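**Q**
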Amino acid sequence: MFTGIVEELGEIVAIEHDGDSAVLTIRGPLVTRDAVHGASIAVNGVCLTVVDVRGDTFTADAIRETLDRSSLGALGAGSRVNLERPVRLSDRLGGHLVQGHVDGVGEIISREPGERWDVVTISLPAHLSRYLVDKGSITVDGISLTVVEAGADRFSVALIPTTLSLTTLGRKEPGDPVNLEADVVAKYVERLIGDRAVGERLAGDPT
3 MFTGIVEELG
13 EIVAIEHDGD
23 SAVLTIRGPL
33 VTRDAVHGAS
43 IAVNGVCLTV
53 VDVRGDTFTA
63 DAIRETLDRS
73 SLGALGAGSR
83 VNLERPVRLS
93 DRLGGHLVQG
103 HVDGVGEIIS
113 REPGERWDVV
123 TISLPAHLSR
133 YLVDKGSITV
143 DGISLTVVEA
153 GADRFSVALI
163 PTTLSLTTLG
173 RKEPGDPVNL
183 EADVVAKYVE
193 RLIGDRAVGE
203 RLAGDPT
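Numbering (our numbering), first residue to last: 3 to 209.
See below:
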C-alpha cells in the first residue's frame, strides 16, 4: 500500500524485453537504501517487486499485463519515473490510500501555467469517470492529486511548485501518457451499493 507522495524522481537505466515480459533497471538512490529482494516499489504508480539491488539501482520484472495496462511499456533508457516505497503502518497518510494497481492510462490534454502552479487537464477512460468527483482523489503516475473538475471524459488537477519540480508531471507535455488509479474507497462503495441493490431486488422478487 502506498500514499501517492512521491519520494524520489528516478531514472530508467535499461529495459530488456524478453518475449511477453521485460526487466526494468531503475536508478533511485533513496528508495534503494533499504530495498531488498521481494520488496515493493511503486514506479509511476505501478507496484513492482524488487528482484535485485545493486548500488543505487534495482531491477524489477514487468509482465505483458503490466506493460499493456500501464504506460511502462512506452518508457526507455533515460526516462524519469516517480518512485515511492510502501507506507509503514506507523507513517502519516499524507496523500490517500494507493494500491499501485493501475486502472487505466490517460493522456495529457493541456497545461495552463499560472503564477506559481499549473492546471493540467487529462483524458479519462470512460470506465473510470464514475469514480471521480470534484475535490476527490486520483492517482496520476503514482502522485496523489485532488481533482479540480471531473468530467465525463477528462479531469483537471492543479500542480503546486513542489509537484512540478519533484515529479514527472513537471515535465509531461500534451500527448504524453499517464497511469491512473481511482480512489479504492470509491470502488468499495460501488461494490457495496451494487451488492445491496441486487439483494433488495432478489428479496422483492415474488418468484
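Glycine included, every Cβ here is placed at the ideal spot set by N, Cα and C.
Values in this document were obtained by computation on a predicted structure and should not be read as measured data.
Mind listing, in chain order, the continuous alpha helix (DSSP H) runs of no fewer than 4 residues lying wholly within the segment 50-85?
**A** With a minimum length of 4 residues, the continuous alpha helix (DSSP H) runs that stay inside the segment 50-85 are 66-71.
**Q** To which residues of the same chain is Ala188 closer than 6 Å at the C-beta, ignoring the five residues directly before and after it?
**A** Counting only Cβ-Cβ distances below 6 Å, and skipping sequence neighbours, we find Tyr133.
**Q** Let's see if you can read the secondary structure: which residues bound the beta strand (DSSP E) around Leu161?
**A** Taken as a continuous stretch (DSSP letters only), the beta strand (DSSP E) holding Leu161 covers 156-161.
**Q** Out of curiosity, what's the CA-to-CA distance linking Leu204 and Arg193?
**A** With a pLDDT of only 46 at Leu204, under 50, the local geometry of the prediction cannot be trusted, and no value is derived from it.
**Q** How is the beta strand (DSSP E) around His129 delimited, first residue to last?
**A** That residue, His129, is in no beta strand (DSSP E); it is neither H nor E in DSSP.
**Q** Out of Asp36, Asp20, Asn46, state which residue places its alpha-carbon closest to the alpha-carbon of Gly108.
**A** Selected option, being the one with the closest Cα: Asn46.
**Q** Going straight from the alpha carbon of Leu85 to that of Ile195, what length do you get?
**A** Whole-angstrom Cα-Cα distance: 34 Å.
**Q** When burial is assigned at 16 or more other CB atoms within 10 Å of the CB, is Leu77 buried or exposed?
**A** Classification of Leu77: buried, given that the 10 Å Cβ count is 16 or more.
**Q** Check whether the Cβ atoms of Glu13 and Val33 sit closer than 7 Å, and answer yes or no.
**A** Against a cut-off of 7 Å, the Cβ pair of Val33 and Glu13 comes out as no contact.
**Q** Here's the rule: buried if 16 or more other CB atoms are within 10 angstroms of the residue's CB, otherwise exposed. What is Phe60?
**A** Label assigned to Phe60: buried.
**Q** Would the beta-carbon of Ile65 fall within 7 Å of that of Ser112?
**A** Not a contact, by the Cβ cut-off of 7 Å.
**Q** Between Gly116, Arg118, Val150, which has its C-alpha nearest Ile124's C-alpha?
**A** For the residues Gly116, Arg118, Val150, the minimum Cα distance to Ile124 belongs to Val150.
**Q** Could you check whether Leu182 and Gly102 sit closer than 7 Å to each other, using their CB atoms as the reference points?
**A** The answer is no: Cβ separation not under 7 Å.
**Q** Please confirm whether Leu74 and Val48 have their CB atoms less than 7 Å apart.
**A** In this structure, Val48 lies closer than 7 Å to Leu74 by Cβ.
**Q** Should Leu50 go down as buried or exposed, given a rule of 16 or more other Cβ atoms within 10 Å for buried?
**A** It counts as buried.
**Q** Once DSSP output is grouped into helix, strand and coil, what is the label at Thr148?
**A** DSSP places Thr148 in strand when its eight states are reduced to three.
**Q** Taking C-beta to C-beta, are Val52 and Ala41 nearer than 7 Å?
**A** In contact: Val52 and Ala41 (Cβ atoms closer than 7 Å).
**Q** Kindly indicate which residue of Gly30, Phe4, Val191 has the alpha-carbon position closest to the one of Ser92.
**A** Residue Phe4 is the option with its Cα nearest to Ser92.
**Q** Please list the terminal residues of the continuous beta strand (DSSP E) segment that includes Asp20.
**A** Unbroken beta strand (DSSP E) run through Asp20: 10-20.
**Q** Does DSSP classify Thr2 as helix, strand or coil?
**A** Lying before the first or after the last residue shown, residue 2 is absent from the chain, which here runs from 3 to 209.
**Q** Verify whether the separation of the beta carbon atoms of Val180 and Val142 is less than 7 Å.
**A** A contact, by the Cβ cut-off of 7 Å.
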